[in-house]
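Quick mapping for you: the protein sequence lines, in order, are chains A and B.
Here the first sequence is numbered in the UniProt record's numbering, starting from 1 and rising by one per residue.
Here the second sequence is numbered in the UniProt record's numbering, starting from 1 and rising by one per residue.
There are 2 protein chains.
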Amino acid sequence: MLGVFIKHFLPLVSKIKTLYSQINKNISRYVSFDQQELEIFNSLLEFKTVPKKTMLLQEGEMCNFEAFVVKGCVRKYYIDDNGFEVILQFAIENAWVSDISFSIYEDKPSRVFIETLEDCEFFMFSPESKEELFRNAPQFERAFRILMQRSLAVTQDRLFNTISKTAIEKYLEFLEHYPTLSQRVAQHYIASYLGISAEFLSKIRTKIAKL
Amino acid sequence: MLGVFIKHFLPLVSKIKTLYSQINKNISRYVSFDQQELEIFNSLLEFKTVPKKTMLLQEGEMCNFEAFVVKGCVRKYYIDDNGFEVILQFAIENAWVSDISFSIYEDKPSRVFIETLEDCEFFMFSPESKEELFRNAPQFERAFRILMQRSLAVTQDRLFNTISKTAIEKYLEFLEHYPTLSQRVAQHYIASYLGISAEFLSKIRTKIAKL
DNA sequence: CGCATGCATTGAACTAGGACAAGAAATAAA
DNA sequence: TTTATTTCTTGTCCTAGTTCAATGCATGCG
């Protein structure tokens, strides 16, 4: 009996500890928290395992989570008027994904989809838990403000690139910026992220390879 | 003596009151504050009048302000590798402008310029004042987080449009979204904002006019 | 007032990137 | 292993948008 406990339960406890320390490290990046605050935070998170090719959010639904990617890879995308997918974000280890856009144009339903591309592990955070967190440990308000601010900076930078750079430049910059991602996800997803057609990306790649 | 006071000073006091109520209304949009909190907030703001065509921020400088536009219009823009301006934001009455990007790639100097397009009135907010505000009235952390969140949603939406829509669609959507702006700023600025050439925007406009 | 500088328009030639189609390669499924 | 499905490549033709003039129109400014 004790043997079973040691063999199965202890490693699990140890894994969970590692997972919490992963997200705690992330949230403490710009604001430092004491042990008690982190425990409040951790108690409000829900750990979740999701197989690949699973939809976390469908068009028109209300997004009732913020997800921290412990492991795996997801894409967040829109579908435009002609039925084309436009990928807004890849989220891999230690990134956050959620849809915040619904709050803007309250009348229009959100067109955002969020889908896992690999088997994933998440910490999920509901709006209610978030409110409770802010009530019990107001310092987190600050941490989330800074996270938001960084996302905004990244998005602005990407907007600038999208407007001012050629397809080749965008692709090279993508490779530099997300070196592992080109191995992990299909080319046509990268094309969709860069705002170019899959065929053209392929042509770019052969051109680059010939240099 | 009293006559002078009544004639000059009282109207000024009244104007200042109106100005404060304008920014207070804006900051209270998603979080409500009591009178005392608003007074702390107001005491940390600096009111500033700036003539048109003035640079508030130059490339490479550190952005040491967040500006609330009381009156007037400014543009925030990057310059790309070929020397072309790309306008990231127009800020008019009741909008905030600042450069938050410097915090991301700490090594590279910021390429952002902020310039007034009309005679402007601002409330300026320094990073130090902001910290002091958060210390003395932590509720503001929340308000600024939500402002950030809205900016992010707007920017994401714009990124999506930039990628997925044609120039005509983008222009029509711009007109709908910022109806007054097309009267207030030069066409080529709007073209730069939409990510198209000034000539092509002109062609689009004549095409639209003929319908 | 005339002049200069910036702004909008129009046209002609050009190009980056898209759309479509058809095959090759790779991955999954059976 | 064979088959099926998805992904990647390559070629041809096509178009949205650019670039580079040249010209007319404003607007400010000495």
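No residue lacks a Cβ here, since even glycine has one placed at the ideal position from N, Cα and C.
**OP:** Please name the residues in the segment 137-167 of chain B whose beta-carbon is closer than 7 Å to at least one beta-carbon of chain A, in chain order.
**Re:** Within the segment 137-167 of chain B, the residues whose Cβ lies closer than 7 Å to some Cβ of chain A are PRO138, GLU141, ARG142, PHE144, ARG145, MET148, GLN149, ARG150, SER151, LEU152, ALA153, VAL154, THR155, GLN156, ASP157, ARG158, LEU159, PHE160, THR162, ILE163, SER164, listed in chain order.
**OP:** Leaving out five residues on either side along the sequence, give the residues of the same chain with a beta carbon under 6 Å from the beta carbon of A/GLN89.
**Re:** On the first sequence, position 89 is the one that residue 89 of chain A refers to. LYS76.
**OP:** List the residues of chain A that B/GLY195 touches, going by C-beta distances under 7 Å, in chain order.
**Re:** Against the second sequence, residue 195 of chain B aligns to sequence position 195. Correct list: ILE163.
**OP:** Consult DSSP for A/GLU61 and reduce its assignment to one of helix, strand or coil.
**Re:** Taking the first sequence and counting its residues from 1, the one referred to as residue 61 of chain A is at position 61. In the structure shown, A/GLU61 sits in coil (DSSP, three-state: anything other than H, G, I, E or B).
Original post:
Residue range of the alpha helix (DSSP H) that B/LEU175 falls in?
Top reply: Walking along the second sequence from the start, residue 175 of chain B turns up at place 175. Its alpha helix (DSSP H) spans residues 167-177.
Original post:
Closest by CA to B/ASN94, which one among B/GLN58, B/ASN24, B/VAL31?
Top reply: Against the second sequence, residue 94 of chain B aligns to sequence position 94. Closest by C-alpha distance to B/ASN94, out of B/GLN58, B/ASN24, B/VAL31, is B/ASN24.
Original post:
Is it the case that the Cβ atoms of B/LEU45 and B/PHE123 are separated by a distance below 8 Å?
Top reply: Residue mapping note: residue 45 of chain B aligns to position 45 of the second sequence, counting from 1. Residue mapping note: residue 123 of chain B aligns to position 123 of the second sequence, counting from 1. A contact, by the Cβ cut-off of 8 Å.
Subject >> A/LEU152 versus B/SER164 - alpha carbon distance >> reply: Working through the first sequence from its first residue, we reach residue 152 of chain A at position 152. Working through the second sequence from its first residue, we reach residue 164 of chain B at position 164. Approximately 20 Å, taken between the alpha carbons.
Original post:
Does any CB atom of chain A fall closer than 8 Å to the CB of B/ASP80?
Top reply: By one-based count along the second sequence, residue 80 of chain B stands at place 80. True, the Cβ-Cβ gap to chain A drops below 8 Å.
Original post:
Nearest-angstrom Cα distance between B/PHE125 and B/GLU131?
Top reply: The residue given as residue 125 of chain B occupies position 125 in the second sequence. The residue given as residue 131 of chain B occupies position 131 in the second sequence. So the alpha carbons of these two residues sit roughly 10 Å apart.
**OP:** Drop a sphere of 10 angstroms on the beta-carbon of B/SER14, count the other beta-carbons inside from all chains shown, and report buried for 16 or more, exposed for fewer.
**Re:** Walking along the second sequence from the start, residue 14 of chain B turns up at place 14. Classification of B/SER14: exposed, given that the 10 Å Cβ count is below 16.
**OP:** Could you pull out every residue in the same chain whose Cβ sits closer than 7 Å to the Cβ of B/SER182, ignoring the five residues on either side in sequence?
**Re:** Locating residue 182 of chain B in the second sequence gives position 182, counting from the first residue. LEU175, ILE190, listed in sequence order.
Original post:
If you draw a straight line from the C-alpha of A/VAL31 to the C-alpha of A/LEU133, how long is it?
Top reply: As a position in the first sequence, residue 31 of chain A is number 31, starting the count at 1. As a position in the first sequence, residue 133 of chain A is number 133, starting the count at 1. If you take the alpha carbons of A/VAL31 and A/LEU133, they lie about 15 Å apart.
Original post:
What is the DSSP secondary structure of A/LYS76, reduced to helix, strand or coil?
Top reply: Numbered from its first residue, the first sequence carries residue 76 of chain A at position 76. If DSSP states are grouped into helix, strand and coil, A/LYS76 belongs with the strands.
Original post:
By a C-beta neighbour count over all protein chains shown, 10 Å radius and 16 as the cutoff for buried, is B/ASN161 buried or exposed?
Top reply: The count along the second sequence starts at 1 and reaches residue 161 of chain B at position 161. Result: buried.
Original post:
DSSP state of B/ALA191, grouped into three classes?
Top reply: Within the second sequence, residue 191 of chain B is the residue found at index 191, counting from 1. Three-state DSSP puts B/ALA191 in a helix.
**OP:** Would you mind stating whether B/ILE204 and B/TYR178 have Cβ atoms separated by less than 8 Å?
**Re:** In the second sequence, the residue the question calls residue 204 of chain B occupies position 204. In the second sequence, the residue the question calls residue 178 of chain B occupies position 178. Result no, Cβ atoms of B/ILE204 and B/TYR178 do not sit closer than 8 Å.
Subject >> Close beta carbons around B/ASP81, own chain, < 6 Å, minus the five adjacent residues each side >> reply: As a working note, residue 81 of chain B is residue 81 in the second sequence. Closer than 6 Å at Cβ, skipping near neighbours: no residue.
Original post:
At least one CB of chain A closer than 8 Å to the CB of B/ILE104: is that the case?
Top reply: Within the second sequence, the letter at position 104 stands for residue 104 of chain B. With a pLDDT of 49 at B/ILE104, under the threshold of 50, the modelled position of this residue cannot be trusted, and the question is left open.
**OP:** Check A/LYS15 in the structure and name its three-state DSSP category.
**Re:** Taking the first residue of the first sequence as position 1, residue 15 of chain A is located at position 15. Correct three-state label for A/LYS15: helix.
Original post:
Whose Cβ in chain B lies nearer than 7 Å to the Cβ of A/ILE114?
Top reply: Residue numbering aside, residue 114 of chain A sits at position 114 when the first sequence is read from its first letter. Within chain B, no residue comes near A/ILE114; the closest Cβ sits about 13 Å away, beyond 7 Å.
Original post:
If we cut at 8 Å on Cβ distances, does A/LEU88 have a partner in chain B?
Top reply: Residue numbering aside, residue 88 of chain A sits at position 88 when the first sequence is read from its first letter. So, interface residue.
**OP:** Could you tell me which of B/ALA167, B/GLU199, B/ARG158, B/TYR78 sits nearest to A/VAL86, measuring between CA atoms?
**Re:** As a first step, residue 86 of chain A must be located in the first sequence, where it is residue number 86. When each option's Cα is compared against that of A/VAL86, the closest is B/ARG158.
Subject >> Spatial neighbours of A/ARG111 in its chain, beta-carbon cut-off 7 Å, leaving aside the 5 residues before and after >> reply: Residue 111 of chain A sits at position 111 when you count from the first residue of the first sequence. Correct list, in chain order: GLU59, TYR78, ILE79.
Subject >> Among A/ASN26, A/ASP34, A/HIS188, nearest to A/ALA67 - alpha-carbon criterion >> reply: Start at 1 with the first residue of the first sequence, and residue 67 of chain A comes out as number 67. With distances taken between Cα atoms, A/ALA67 lies closest to A/ASN26.
**OP:** Using three-state DSSP, classify A/LEU88 as helix, strand or coil.
**Re:** For the purposes of this step, residue 88 of chain A is identified with residue 88 of the first sequence, where counting begins at 1. Strand, per DSSP.
Original post:
What are the boundary residues of the alpha helix (DSSP H) that includes B/ILE196?
Top reply: Your numbering for residue 196 of chain B matches position 196 in the second sequence. In this chain, B/ILE196 is not harboured by any alpha helix (DSSP H), its DSSP state being neither H nor E.
Subject >> C-beta atoms of A/GLY72 and A/THR18 nearer than 8 Å >> reply: Taking the first sequence and counting its residues from 1, one reaches residue 72 of chain A at position 72. Taking the first sequence and counting its residues from 1, one reaches residue 18 of chain A at position 18. In this structure, A/THR18 does not lie closer than 8 Å to A/GLY72 by Cβ.
Subject >> Within 8 Å, strictly: CB atoms of A/LEU56 and A/VAL74 >> reply: Here the question's residue 56 of chain A lines up with position 56 in the first sequence. Here the question's residue 74 of chain A lines up with position 74 in the first sequence. Yes, Cβ-Cβ distance for A/LEU56 and A/VAL74 is below 8 Å.
Subject >> Simplified DSSP assignment, three categories, for A/GLU131 >> reply: Residue mapping note: residue 131 of chain A aligns to position 131 of the first sequence, counting from 1. Here A/GLU131 sits in helix by DSSP.
Subject >> Span separating the alpha-carbon of B/VAL185 from that of B/LEU194 >> reply: As a working mapping, residue 185 of chain B is identified with position 185 in the second sequence. As a working mapping, residue 194 of chain B is identified with position 194 in the second sequence. Between B/VAL185 and B/LEU194, the C-alpha separation is close to 13 Å.
Subject >> Alpha-carbon spacing of B/ASP99 relative to A/ARG145, whole angstroms >> reply: As a first step, residue 99 of chain B is located in the second sequence; it is residue number 99 there, counting from the start. As a first step, residue 145 of chain A is located in the first sequence; it is residue number 145 there, counting from the start. Straight-line Cα distance between these residues: approximately 15 Å.
**OP:** Label A/LEU147 either buried or exposed according to how many other C-beta atoms from any shown protein chain fall within 10 Å of its C-beta, with 16 as the threshold for buried.
**Re:** The residue labelled residue 147 of chain A in the question sits at position 147 within the first sequence. It counts as buried.
Original post:
Are any of the Cβ atoms in chain A nearer than 8 Å to that of B/ILE100?
Top reply: For the purposes of this step, residue 100 of chain B is identified with residue 100 of the second sequence, where counting begins at 1. Taking Cβ atoms only, chain A reaches closer than 8 Å to B/ILE100, which makes this a yes.
Original post:
Taking only beta-carbon atoms, is A/SER202 less than 8 Å away from chain B?
Top reply: Position 202 of the first sequence, counted from the start, is the residue given in the question as residue 202 of chain A. Interface with chain B (8 Å Cβ-Cβ cutoff): A/SER202 is excluded.
Subject >> Option in B/ILE92, B/GLN22, B/THR166, B/SER192 with minimal Cα separation from B/PHE41 >> reply: Counted from its first residue, the second sequence places residue 41 of chain B at position 41. For the residues B/ILE92, B/GLN22, B/THR166, B/SER192, the minimum Cα distance to B/PHE41 belongs to B/GLN22.
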